[in-house]
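Under the working numbering, read the sequence shown as residues -6 to 95, first letter to last.
Ideal Cβ placement from N, Cα and C applies to all residues, glycine included.
Remember, it's a predicted structure, so these values are computed and weren't measured experimentally.
Down below is the structure, laid out as structure tokens.
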Amino acid sequence: MPANKVQADYDELEKIAGEFADESANMEQLMGQIMNLVGELEGGGWIGRGASSFFGEFHDLVEPGLQNLVRALDDGSNAIKQISNILSQAESDASSLFSRSR
């Protein structure tokens, strides 16, 4: 029976973590733009029942959803970095066992 093998491409993990962080920053910027536009509409650019309904739904559902997305992308980036660090430390610990046994 073959032994289980765990491998990590640290450069690829770093790249992926960076992509998550970049997307989080992009979403944060986009969210700021959206909030400015919604603010302009709320400031009198759009009035009526449809506007009230939209603003309520936006603030109750869309805005928190966007905030959750930004947080999830940040969390994903941090988790990938932690995984990379844990695997690197395990690899270092395992290799030190072999270097001491010689």
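Whole-number beta carbon distance between residue j and residue i, since they are thought to touch under 8 angstroms
| i | j | result |
| --- | --- | --- |
| Ile73 | Ala10 | 4 angstroms |
| Leu6 | Ser85 | Actually they do not touch by this definition, with Cβ atoms about 16 angstroms apart. |
| Ala1 | Ser70 | The Cβ separation is near 16 angstroms, so there is no contact. |
| Asp88 | Tyr3 | In the sequence as presented, Asp is not what sits at residue 88; that position holds Ser. Rounded, the Cβ-Cβ distance is 14 angstroms, inconsistent with contact. |
Where residue i falls: helix, strand or coil (DSSP)
| i | result |
| --- | --- |
| Pro57 | helix |
| Gln0 | coil |
| Gly69 | helix |
| Ile40 | coil |
Other residues of its chain near residue i: CB distance less than 6 angstroms, five sequence neighbours each side excluded
| i | result |
| --- | --- |
| Leu34 | none |
| Glu56 | none |
Neighbourhood of residue i by C-beta, 8 angstroms cutoff - its chain only, sequence neighbours within 5 removed
| i | result |
| --- | --- |
| Asp67 | Phe13, Ala14, Ser17 |
| Phe48 | Val31, Leu34, Glu35 |
| Gln60 | Met24 |
| Val63 | Ser17, Met20, Glu21, Met24 |
Nonlocal neighbours in the same chain, by C-beta distance under 7 angstroms from residue i, ignoring five residues either side
| i | result |
| --- | --- |
| Ala(-4) | none |
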